[in-house]
Amino acid sequence: MIATKNTTIERDDVLLEVRHLKKFFPVRRGVLRRLVGHVRAVDDVTFDVRAGETLALVGESGCGKTTTARCVLRAIAPNSGQILFRTEAGQVVDVAAMARHSLRPLRREMQMIFQDPFSSLNPRMTLLDIVGEPLIVNGIGSRSERIDRVAELLRLVGLRPEYMRRFPHAFSGGQRQRIGIARALALHPRLLVADEPVSALDVSVQAQILNLMLDLQERLGLTYLFVAHDLSVVKHISDRVAVMYVGQMVELTEAPRLFATPKHPYTEALLASIPDPDPRRRPGRGGSDGASPDGSSGERPRRAVLSGEVANPAAPPSGCYFHPRCPYVVDLCRNMAPSWNEIRPGHWVRCHRSEELKLRGVETPVGVN
Amino acid sequence: MDQAPPFLSVRDLKTYFYPDEGIVRAVDGVTFDIRRGATLGIVGESGCGKSVTARSILRIVESPGRIVGGSIVLRQDITRPDPDVQAALDGRAEIDLTQVSPEGREMRSVRGAVVSLVFQEPMSSFSPVHTVGNQIIEAIRLHRNVSKREARDRAIELLRRVGIPRAEQRVDEYTFQLSGGLRQRAMIAMALSCDPLLLIADEPTTALDVTTQAQILDLLQELQDQNGMAIMLITHNLGVIAEMADDVAVMYLGRVVEQGPVDDIFHAPKHPYTRALLESIPSIHSVPRVKLPTITGSIPHPYNRPKGCPFHPRCVSYMRGVCERDIPALSTIGRQQVSCYLYENTSVAAAGE
Chain A
1 MIATKNTTIE
11 RDDVLLEVRH
21 LKKFFPVRRG
31 VLRRLVGHVR
41 AVDDVTFDVR
51 AGETLALVGE
61 SGCGKTTTAR
71 CVLRAIAPNS
81 GQILFRTEAG
91 QVVDVAAMAR
101 HSLRPLRREM
111 QMIFQDPFSS
121 LNPRMTLLDI
131 VGEPLIVNGI
141 GSRSERIDRV
151 AELLRLVGLR
161 PEYMRRFPHA
171 FSGGQRQRIG
181 IARALALHPR
191 LLVADEPVSA
201 LDVSVQAQIL
211 NLMLDLQERL
221 GLTYLFVAHD
231 LSVVKHISDR
241 VAVMYVGQMV
251 ELTEAPRLFA
261 TPKHPYTEAL
271 LASIPDPDPR
281 RRPGRGGSDG
291 ASPDGSSGER
301 PRRAVLSGEV
311 ANPAAPPSGC
321 YFHPRCPYVV
331 DLCRNMAPSW
341 NEIRPGHWVR
351 CHRSEELKLR
361 GVETPVGVN
Chain B
1 MDQAPPFLSV
11 RDLKTYFYPD
21 EGIVRAVDGV
31 TFDIRRGATL
41 GIVGESGCGK
51 SVTARSILRI
61 VESPGRIVGG
71 SIVLRQDITR
81 PDPDVQAALD
91 GRAEIDLTQV
101 SPEGREMRSV
111 RGAVVSLVFQ
121 EPMSSFSPVH
131 TVGNQIIEAI
141 RLHRNVSKRE
151 ARDRAIELLR
161 RVGIPRAEQR
171 VDEYTFQLSG
181 GLRQRAMIAM
191 ALSCDPLLLI
201 ADEPTTALDV
211 TTQAQILDLL
221 QELQDQNGMA
231 IMLITHNLGV
241 IAEMADDVAV
251 MYLGRVVEQG
261 PVDDIFHAPK
271 HPYTRALLES
281 IPSIHSVPRV
291 KLPTITGSIP
301 HPYNRPKGCP
311 FHPRCVSYMR
321 GVCERDIPAL
331 STIGRQQVSC
341 YLYENTSVAA
351 AGE
């Protein structure tokens, strides 16, 4: 940990700066609930979010992406580290160090969009109550002003204001997600944390919500911290992407660069695992000849698939956490943990061999689709 | 295109549910074929009836649902006879699975031995109080006349084949001791225990992470190459379909709206729903941050099924006075079949594209 805790953000365009964030959950066993270890859910994570951008946190289940997002909102308190946030008034505050009661004014500036639009809306409340609740909690406006604001918010997310007396059950998944977004926008937040906002939606509805989020970002100048596991969605919506593995960030850079030229072997493996919605690019099918393969004729060659499983965050491996699964592992990786290096301006990687490895990305072909 | 008749033919299948509130036409006239050794991908969004179709084939539709029409015909392949199919057919050339008792001898010899099922959530489809091995052994001994010892050896071999490390130890473990990926592998091992001719995989990778998903998909292809079994792969993930399927059936609200070889479906989609669905997904290869084309509206509630073509309220090519009257029949265009009035009269003529 850095000795001096300075609470200034150097770059003017940065809205949120997270430094050396750690969140460990205790593991207790037996009748006496004896402490037997810690799940290192977030283990020394450092990144920043620039005003008006979308930063995506990606990784597999248990990698700590949701815990990181929840720490940023102080929904849970981190064990250590700094979460510096530039408020609307221009002050820089450390969210991690603030007392709970002094967080409320800050909550207006940071809001959350949840994953499951079925469990995140109270079925006994009308849309007016749901979307208007943040206003009531913060004592904003009279009842009639509140109704006007709710109507405005519903219109903003593409719902008819007449719906405000209805209950959530009358709406489909996509419409409910719009309601959740309207609620998140009620207090004019500047940072929206969206935790898997489209993964519970049907494919045909996902695009509507992604378009809405892009549109709102442009109109309201919003900043998104976007937590997701679907890399196609992430590529579509993000300016920059941070890849997490077992509680650590392993790579962070601009989205086009990350997808085209990944510098961490785990990023490469993630990209290779995405099923491609184009049968012509199917692994082992050369050319664009669309002849139907006739079933069982011989072995089909396959893409390189990552073997093994995600490491246990309560007992991570020695050295680099990824080394047991890494195809490029050398002795150094087993013995020494790599540090978080900026290999070129704005491109951070945690890998000993990132400079020498030639890793494969995803090409964005010209003239296709 | 195949000279041999398909091994399983589903024709105009209708499975309705009769809850107190009304009728839900979960599957409403579904027709498709499954060829031996090939993969049929069934794509659709929630409520399209893809899982109920799978359950209808195995006759495990839960009350208040039942099959009210159509047929599911299972045939013996004369060139490659299979003892399990012979047992189920009992000397006949083919059998209509909708006509036999769900608890009867025929159905019991089909399930597991001829057609088996891999569920989406392996945690809820295994028993938590029996070891993985005992559950696989039970399935083997139900269909094969072997000793416990032999069945156990086979169970270990199956676990090894699906890539479970230390299979001889894992066989005595309970499902809660396995990770998500290993559980799904164990589920597949159980489904394969009696060498089925058809493996129905209902969203087999939806609950899994991408790297595990890639492992499971590769495993399925490998097993198919080795055994020549057919796979009916049910998913809403078009990427998975594009990588795995030979043929694709696109379902919407209980009906197949379009079907054909995978390349034709992805590169020359005919039905407005298929087109819109393909355009609306962000691809890893597409240009980021541009507006995605969307399908307006949302999937209707099962009690408010639109009249006529089920897709007409959301369709960009909706023709007033035509689409809302009757359900369009399947027309054949080239190698595809499509259920849409845009193609009613143009059938064979417009085949060349």
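Chains as they are written, first to last, in my numbering: chain A, 1 to 369; chain B, 1 to 353. For each residue, glycine too, the CB sits at the ideal point set by N, CA and C. Values in this document were obtained by computation on a predicted structure and should not be read as measured data.
Item: Using C-beta distances below 6 Å, list every residue in its chain close to R11/B, excluding the 5 sequence neighbours before and after it, in chain order.; Value: T31, G70 and S71
Item: Please name the residue in L252/A, Q175/A and A311/A whose C-alpha comes closest to that of V372/A.; Value: In the structure as shown, chain A starts at 1 and stops at 369, and residue 372/A therefore has no counterpart that could be examined.
Item: Along chain B, in chain order, which residues have C-beta atoms closer than 7 Å to that of E309/A?; Value: S179 and G181
Item: What does a CB cutoff of less than 8 Å around I241/B pick up in its chain, not counting 5 residues either side in sequence?; Value: G41, V43, L233, T235, V248 and V262
Item: Using the Cα positions of H236/A and R155/A, report the straight-line distance between them to the nearest angstrom.; Value: 25 Å
Item: Where does T15/B fall in DSSP's three states?; Value: strand
Item: Give the straight-line distance between the Cα atoms of L220/B and E152/A, rounded to the nearest whole angstrom.; Value: 51 Å
Item: Cα separation between Q169/B and H38/A?; Value: 27 Å
Item: Assuming R176/A contacts L159/A under a Cβ cut-off of 8 Å, what Cβ separation, rounded to an integer in Å, is found between them?; Value: That pair is no contact at about 10 Å.
Item: Along chain A, which residues have their Cβ under 7 Å away from the Cβ of G22/B?; Value: In chain order: nothing, as chain A lies at least about 17 Å away.
Item: Report yes or no: do three or more beta-carbon pairs, one from the region 76 to 94 of chain A and one from the region 12 to 19 of chain A, lie closer than 8 Å?; Value: yes
Item: Flag K291/B as yes if its beta-carbon sits less than 8 Å from any beta-carbon of chain A, otherwise no.; Value: yes
Item: For the candidate residues I265/B, N304/B and P313/B, whose alpha-carbon lies nearest to that of Q336/B?; Value: I265/B
Item: Along the chain, where does the beta strand (DSSP E) containing Y252/B start, and where does it finish?; Value: D247 to Y252
Item: What are the residues that DSSP puts in a beta bridge with W348/A?; Value: L252/A and E342/A
Item: Decide if F47/A is buried, meaning its Cβ has at least 16 other Cβ atoms within 10 Å, or exposed.; Value: buried
Item: My understanding is that T39/B touches D246/B, with C-beta atoms under 8 Å, so please give their C-beta distance in whole angstroms.; Value: 5 Å
Item: Assign V287/B to one of two classes, buried (16 or more other C-beta atoms within 10 Å of its C-beta) or exposed (fewer than that).; Value: exposed
Item: Give me the Cα-Cα distance between G64/A and L217/B, rounded to the nearest whole angstrom.; Value: 26 Å
Item: Is the separation between the beta-carbon of L8/B and that of L74/B shorter than 8 Å?; Value: yes
Item: Under 8 Å, with one C-beta from each stretch per pair, do the region 238 to 251 of chain A and the region 220 to 229 of chain B reach the 3-pair mark?; Value: no
Item: Measuring only the C-alpha atoms, how far is P26/A from G62/A?; Value: 15 Å
Item: Do you know offhand how far L277/B's Cα is from S283/B's?; Value: 12 Å
Item: Among the residues of its own chain, which have a CB less than 6 Å from the CB of G132/A, if the five just before and after it don't count?; Value: R146 and V150
Item: So what does DSSP say about L222/A, is it helix, strand or coil?; Value: coil
Item: Kindly indicate if chain A contains any beta-carbon less than 8 Å away from that of T294/B.; Value: yes
Item: Starting from the beta carbon of A269/A, find every residue of chain B whose beta carbon is closer than 7 Å, and list them in chain order.; Value: T211
Item: Of all the CB atoms in chain B, is at least one closer than 8 Å to the CB of P275/A?; Value: yes
Item: In its own chain, which residues sit with a C-beta less than 6 Å from the C-beta of Q206/A, not counting the 5 before and 5 after it?; Value: V198
Item: So which residues of chain A does Q215/B contact, with C-beta pairs closer than 7 Å?; Value: V305
Item: Following the continuous beta strand (DSSP E) through L40/B, name the residue where it begins and the one where it ends.; Value: T39 to V43
Item: By the 10 Å Cβ neighbour count, where 16 or more other Cβ atoms means buried, how is P328/B classified, buried or exposed?; Value: buried
Item: Does K235/A have its Cβ less than 8 Å from a Cβ in chain B?; Value: yes
Item: With which residues is P261/B paired in a DSSP beta bridge?; Value: D247/B
Item: Taking the alpha carbon of T68/A as the point to measure from, which residue in H264/A, Q248/A and V330/A has its own alpha carbon closest?; Value: Q248/A
Item: If the cut is a Cβ gap below 7 Å, which residues of chain A does N237/B touch?; Value: P275
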